[in-house]
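Taking it in order: structure first as structure tokens, then the write-up.
Numbering (UniProt numbering), first residue to last: 1 to 228.
Dropping the structure here:
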């Protein structure tokens with residue numbers, strides 16, 4: 001595509017395997033482990049923390065062009081709208097062609113698909129005084145670690161900067177909302193430094209409860225991936 005190399009392979013054990021710029025994004029076999037956590041944990045956390053509130057949920061999904069997270073969110077009858085913004089329309093097209101959950105997910109009337117820059121979209125929603133109950137950021141890695149230990153900053157790094165999280169907080173605070181985002185594996189020392197920094201930033205911005213969670217997923221580096 002304009003932004004990255006997109007590849008889909010067929011494997012004996014994992015089914016179809018989806019890669020962006022040579023980095024594995026998901027496999028059919030273990031995609032539910034990652035995506036169900038990313039979708040259901042923040043919604044359930046919101047519902048548990050705001051018991052008694054009877055209103056349709058407005059949700060923003062940044063990234064996740066494979067459509068799996070959005071397909072899981074649509075299982076909730078009290079989800080009223082989902083704004084889904086992803087930078088690369090070709091990722092969406094390839095996902096429609098190869099993965100069953102993505103074939104019609106964006107045809108649902110509750111879903112507003114925006115192909116564009118997630119950081120810019122968040123900024124625009126702040127300017128419009130938009131509010132969300134839940135924001136899920138399913139972004140690709142903000143950096144790579146070379147074998148020599150050096151760090152390569154990637155385009156998605158903008159989605160992990162303090163200013164971006166400040167804007168997300170503004171979109172959530174009116175509704176006592178919940179943010180959940182992909183936050184790397186703690187088993188790599190350089191990642192652990194970033195995880196600690198992100199936690200400090202989120203606390204300083206004003207998020208009341210900041211927790212790091214983790215799941216086991218065999219096809220990701222170190223067999224683990226984390227979330228805030």
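Virtual Cβ for every residue (Gly too), placed ideally from N, Cα, C.
Owing to the predicted nature of the structure, the values given are computational and were not obtained by experimental measurement.
Under the three-state reduction of DSSP output, residue 133 falls in the coil class, being neither helix nor strand. Collapsing the DSSP output to three states places residue 120 in a helix. Residue 219 has its alpha-carbon roughly 9 Å from the corresponding atom of residue 25.
Leaving aside the five residues that flank residue 106 on each side, the residues in its chain whose CB is nearer than 6 Å to its CB run, in chain order, 113.
With fewer than 16 neighbouring CB atoms inside 10 Å of its own CB, residue 22 falls in the exposed class. In the structure shown, residue 52 adopts coil according to DSSP, grouped into three states. Residue 166 places its beta carbon 9 Å or farther from that of residue 62. Boundaries for residue 87: no alpha helix (DSSP H) harbours it, and the DSSP string shows neither H nor E there. Non-local C-beta neighbours of residue 19 in its own chain, meaning closer than 7 Å and more than five positions away in sequence, comprise 7 and 25, ordered along the chain.
For residue 165, there is no enclosing beta strand (DSSP E); the enclosing alpha helix (DSSP H) covers residues 162 to 172. If you look at residue 28, you'll find it isn't in any beta strand (DSSP E); DSSP assigns it neither H nor E. Counting every other CB atom within 10 Å of its CB across the protein chains shown gives residue 53 a total below 16, marking it as exposed. Here residue 94 has 6 as same chain residues with Cβ atoms under 6 Å from its own Cβ, once five neighbours each way along the sequence are excluded. Beta-bridge analysis with DSSP links residue 180 to 136. Beta-bridge annotation (DSSP): residue 9 is paired with 17. In terms of Cβ geometry, residue 133 and residue 177 form a close pair [threshold 9 Å]. Segment contact: the segment 71 to 84 against the segment 202 to 210, fewer than three CB-CB distances shorter than 8 Å; contact not assigned. Distances from the alpha-carbon of residue 11 to those of 30, 148, 49 and 35 put 30 closest.
Inclusion of residue 185 and residue 224 in the CB contact set at 9 Å is warranted, their separation being smaller than that value. Here the alpha carbon of residue 115 sits roughly 10 Å from the alpha carbon of residue 90. Taking each of 211, 1 and 181 in turn and checking the Cα distance to residue 88, the smallest one comes out for 1.
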